[in-house]
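Notes follow the structure.
There are 2 protein chains.
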Amino acid sequence: MSRPPARPDDEAAFLAAYDPREFPAIALTVDIVVLTMRQGRLNVLLVERAAPPFQGCWALPGGFVKAGQEDLDEAAARELAEETGLSAGALRRVHLEQLGSYGAPRRDPRMPVVSVAYLAFAPDLPDPRAGGDAARAAWTPVVGLHGGGTGDRQLAFDHAQIIADGLERARAKLEYTPLATAFLAPEFTVPELRAVYEEIWGEKLHPGNFHRKVLSVPGFVESTGETAERGGSRGGPRARLYRAGDARLLHPALLRPDREEGVR
Amino acid sequence: MSRPPARPDDEAAFLAAYDPREFPAIALTVDIVVLTMRQGRLNVLLVERAAPPFQGCWALPGGFVKAGQEDLDEAAARELAEETGLSAGALRRVHLEQLGSYGAPRRDPRMPVVSVAYLAFAPDLPDPRAGGDAARAAWTPVVGLHGGGTGDRQLAFDHAQIIADGLERARAKLEYTPLATAFLAPEFTVPELRAVYEEIWGEKLHPGNFHRKVLSVPGFVESTGETAERGGSRGGPRARLYRAGDARLLHPALLRPDREEGVR
DNA sequence: GTAATAGTGTCTATCAGACACTATGTC
DNA sequence: GACATAGTGTCTGATAGACACTATTAC
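Line by line, the protein sequences are chains S and B. For the first sequence, the residue numbers in our numbering are 1 to 264. For the second sequence, the residue numbers in our numbering are 265 to 528.
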């Protein structure tokens, strides 16, 4: 596709037609819902805000987009690297995708700010480091986070909604993609994979049927020929080890149980 | 969720920390992929640009977001109404959802512009009206549009990619939602519904199996008790009429045939 | 009449899920 | 030894798709 070069005339014409009252200054940020599994529980990365607004509240990691210097995906990857302190190599094992954009008129009390939210699936990562305008950064268990219970950390802006949307996207993605493996080490067992599904879907799955199903989907996992060092935490034989396969979509998909309810 | 009111201090502090070189001015637009069925073919709404850049090229309808005055969804609905000339009532029958955001560094040669793309499914609509910076507006058959063939209209910016992403989203949505009915009149026949699937998926479906499948999915369609005025265009009995049901998701889903290929 | 279509019946291969069972580990 | 777990076998009900068939309509 050919693209005409920028000409000063164009920009001048554009700026002349630009009415600041109709199009006031707007800021663009990326915010990232980074999900990981720690001790078998789903965690999300949060930072404590050191400055107003929402000072002292917890928020998603993120920052302003360097307009014109980076693509949105690059901005998200940059913020992710900055907030987690991950090397470029470790980042390659993290799945990152765009979740959606949020632009309610007064979601930021200072000025119009539109946030492009991203969703990341990561294996167990080291503790994050605080930095920039964050007082602290911490992995936070997802359970109860969006329920509004008394123990909840108060979330800034509309980040509770963004997290809820990210969790729903994650639940759906496990159905038809092999991305559950992104939460695990490069080599993993089928019971470990099942634990990821059970934690994110919030439901116990049948061990035998799950095992057979995973192995029957072409390209989901491939055997390493090895077995785990130890058996299950409470006994049982040592499980076989697998790597992620080359499939990008699961056929047939692993469907969540129950979904008859809540469909209407 | 409590939200502190905007305080002048906050804004001043923010602007003081704002480095224009690091965060140059950025503009935000919404662009809409409006899909409809006309004479049995899938069409997308395009406008011809009357001003540089890409003067004379065709582009998606859209415009600048009125920052701080409207949500992104509202901006998309407003642009859709402006470009199609639809009444508020007619707009209620149009499905509108966010598709994704596009922010490659020099996608607009004038200045950094991030576009929040939306996807709309509409029944057969009247001819659009041109307006604003559009010389013309026209429904354009989708076939061959993204193939880069000789007959293609040259598309501005990255709109060819946005349309391709919208089409892929549409294909997926037909699988697990009843949104194919959004392309049809309030009352429709099963063969008409099948024609929508065949056109968007680009595959012929088995008439008998499709018919039984649609009626077996709870809440997909509900009978009106009436039958169509005429039989098929080339003969056959008159089909029964249905309305869209109350399901928001299809269970079980209507899966596309073939997908074994291209999965890896 | 001819040909195409709407809709139903039927058969088969596949799949999801329930249940049973053995072998192998932890404690 | 007690008990939980990994993995396999088997059965059943649901489903997708192929095929056949009848009735109805346009031309």
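Here a beta-carbon is modelled for each residue, glycine too, at the ideal position from N, C-alpha and C. Source: prediction; values computed, not measured.
- Chain-order list of chain B residues neighbouring residue 71/S: 367, 368 and 369, by C-beta distance under 7 Å.
- Annotation: residue 340/B to residue 213/S spans about 42 Å, alpha carbon to alpha carbon.
- In the DSSP assignment, residue 216/S falls outside any beta strand (DSSP E) and lies within the alpha helix (DSSP H) extending over 207-216.
- Of the candidates 157/S, 85/S and 240/S, the residue whose Cα lies closest to the Cα of residue 130/S is 85/S.
- With contact defined as three or more Cβ pairs closer than 8 Å, the region 242-252 of chain S and the region 215-224 of chain S are in contact.
- If you draw a straight line from the Cα of residue 47/S to the Cα of residue 433/B, it is about 33 Å long.
- Under the 8 Å Cβ criterion, the region 295-313 of chain B counts as touching the region 377-397 of chain B, having at least three qualifying pairs.
- When DSSP states are grouped into helix, strand and coil, residue 441/B belongs to the coil group.
- Under the 8 Å criterion on CB atoms, residue 116/S is classed as interfacial with respect to chain B.
- DSSP places residue 79/S inside the alpha helix (DSSP H), whose first and last residues are 72-84.
- Going by beta carbons, residue 61/S and residue 110/S fall outside the 8 Å limit.
- With contacts defined by Cβ atoms closer than 8 Å, residue 368/B and residue 422/B form a contacting pair.
- Under the criterion of beta carbons closer than 8 Å, residue 205/S and residue 197/S qualify as touching, at roughly 6 Å.
- Taking 8 Å as the threshold, the shortest C-beta distance from residue 254/S to chain B does not fall below it.
- For residue 31/S, the secondary structure class from DSSP, reduced to helix, strand or coil, is strand.
- Annotation for residue 207/S: 191 and 194 place their beta carbon closer than 8 Å to its own, counting only its chain and skipping 5 residues before and after.
- Residue 406/B carries a coil assignment under DSSP once its states are collapsed to helix, strand and coil.
- Within the region 303-330 of chain B, those residues whose Cβ lies closer than 8 Å to any Cβ of chain S are, in chain order, 315, 316, 317, 318, 328, 329 and 330.
- For residue 522/B, the number of other beta carbons within 10 angstroms of its own is below 16, and it is reported as exposed.
- For residue 290/B, the residues of chain S that pass the 8 Å Cβ criterion are 26, 27, 28, 65, 67 and 68, in the order they occur in the chain.
- The shortest CA-to-CA distance from residue 496/B to any of 490/B, 465/B, 479/B and 453/B is the one to 453/B.
- Interface flag for residue 442/B against chain S is unset, since no Cβ pair is found closer than 8 Å.
- For residue 65/S, the three-state secondary structure derived from DSSP is coil.
- For residue 378/B, the enclosing beta strand (DSSP E) covers residues 377-386.
- Interface criterion met: the Cβ of residue 112/S is under 8 Å from a Cβ in chain B.
- Bridge pairing for residue 312/B: 322/B and 400/B [DSSP].
- A straight-line Cα-Cα distance of about 37 Å links residue 306/B and residue 107/S.
- Taking a beta-carbon distance threshold of 8 Å, residue 364/B counts as an interface residue toward chain S.
- For residue 157/S, the three-state secondary structure derived from DSSP is coil.
- Judged by their CB atoms, residue 377/B and residue 291/B are nearer to each other than the 8 Å cut-off.
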